[in-house]
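Student: Got a structure here, written out as structure tokens. Questions coming.
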Amino acid sequence: MTAIKIRALGGPSQRKSEPLFLEVLTRSLIILCAALAIMLSSAAVCDGHWLLSGDRMYGLWNLCVLRADRAAAASLNCTTNSVGFGTEGLGLGLAFCRSVVSLAVVAAIFGLEMLLVSQASEGSGSSQRWSLGSALLLLAAGLASAGVVSFVFTLGVHASPLGFTLTFWCQFAATFLFFLNGLAARHYQNLKAPLMPSGNPGKV
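My numbering puts the first residue of the sequence shown at 4, with every later residue one more than the last.
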């Protein structure tokens with residue numbers, strides 16, 4: 004009778020062992036890709052030169068004019084004053100863009116930290132930290148996409164696919180990585196939660 008009760012209640016002898024290697028691999032890939040996205044976005048924000056149109060370079064932090072001297076050597080003459088670049092609302096648009104993309108990097112760093120800290124704890128605390136980390140990555144994706152869209156909208160007259168620099172495409176890729184990793188982390192947690200036995204919360 005005791006064995007029957009244990010079997011009916013789904014005791015430890017009948018519980019399927021979880022694929023530990025697959026769990027560790029999934030978590031490691033999410034954390035690794037989130038770290039890669041942070042590095043890409045940080046490089047893009049620090050460089051800031053996202054668009055080249057003719058002899059002008061439009062960036063988050065300054066605006067540059069490409070000049071060529073007699074020796075055919077090119078040099079950049081940069082300024083933070085948007086007056087004279089022929090785009091209405093350029094200063095305000097770039098200020099908004101650099102603010103949100105910088106906040107996106109900060110949110111992603113804290114999100115990555117929460118994902119890492121969740122691996123050092125167990126139980127409901129680990130689950131909450133993992134959930135917070137995934138939410139912060141999704142927030143970073145939203146902020147980064149807002150920055151990219153505002154930059155393109157502000158400089159729509161000068162924008163062209165071939166005019167965007169490598170650092171812009173790094174930010175573009177980082178935005179998608181923020182979203183995909185945040186979504187994957189949230190979806191992974193939702194998949195793990197039903198598998199945990201009632202009354203015995205495990206590491207999520």
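Don't be surprised by glycine CBs; every beta carbon is placed ideally from N, CA and C. Because the structure is a prediction, the values reported are computed rather than measured.
Measure the CB-CB distance between L139 and F113 and report whether it falls below 8 Å.
Tutor: yes
Student: For Y61, which beta-bridge partners are listed by DSSP?
Tutor: L54 and L66
Student: Evaluate F24 with the Cβ neighbour count: other Cβ atoms within 10 Å of its Cβ, from every protein chain shown; 16 or more gives buried, anything less gives exposed.
Tutor: exposed
Student: Residue ranges of each alpha helix (DSSP H) run of no fewer than 4 residues wholly in the segment 72-159, ordered along the chain?
Tutor: 93-121 and 127-157
Student: Straight-line CA distance for G96 to S163?
Tutor: Those two C-alpha atoms are separated by around 18 Å.
Student: Based on DSSP bridge pairs, tell me the residues matched to F167.
Tutor: Residue pairing by DSSP places F167 opposite L54 in a beta bridge.
Student: Is it buried or exposed, H190, if we count other Cβ atoms within 10 angstroms and call 16 or more buried?
Tutor: By the 16-neighbour rule on beta-carbons within 10 angstroms, H190 is exposed.
Student: Give the DSSP-derived three-state secondary structure of A46 in the structure shown.
Tutor: helix
Student: Among M117, Y61 and S127, whose alpha-carbon lies nearest the alpha-carbon of I33?
Tutor: M117
Student: How is A187 classed by DSSP in three states: helix, strand or coil?
Tutor: helix
Student: Between L54, A38 and A107, which has its C-alpha nearest G62's C-alpha?
Tutor: L54
Student: Buried or exposed: where does F156 fall if 16 or more other Cβ atoms within 10 Å of its Cβ makes it buried?
Tutor: exposed
Student: Are the beta-carbon atoms of V109 and Q174 separated by less than 8 Å?
Tutor: no
Student: Excluding the five sequence neighbours on either side, which residues of its own chain have a C-beta within less than 8 Å of the C-beta of L141, listed in chain order?
Tutor: F181, F182, G185, L186 and R189
Student: DSSP three-state call for A37: helix, strand or coil?
Tutor: helix
Student: Near L39, which residues of its chain fall below 8 Å by C-beta distance, leaving aside the five closest residues on each side in sequence?
Tutor: Counting only Cβ-Cβ distances below 8 Å, and skipping sequence neighbours, we find L180.
Student: Expressed to the nearest angstrom, what Euclidean distance is found between the alpha-carbon atoms of L93 and S137?
Tutor: 33 Å
Student: My guess is that V48 and R59 are in contact by the Cβ rule of under 8 Å, so how many angstroms apart are they, rounded?
Tutor: That belief does not hold up - the Cβ atoms of V48 and R59 are roughly 20 Å apart, past 8 Å.
Student: Do A107 and L158 have their CB atoms nearer than 8 Å?
Tutor: Against a cut-off of 8 Å, the Cβ pair of L158 and A107 comes out as no contact.
Student: What separation, rounded to the nearest whole angstrom, lies between the Cα atoms of T168 and Q192?
Tutor: Taking the Cα positions, T168 is about 37 Å away from Q192.
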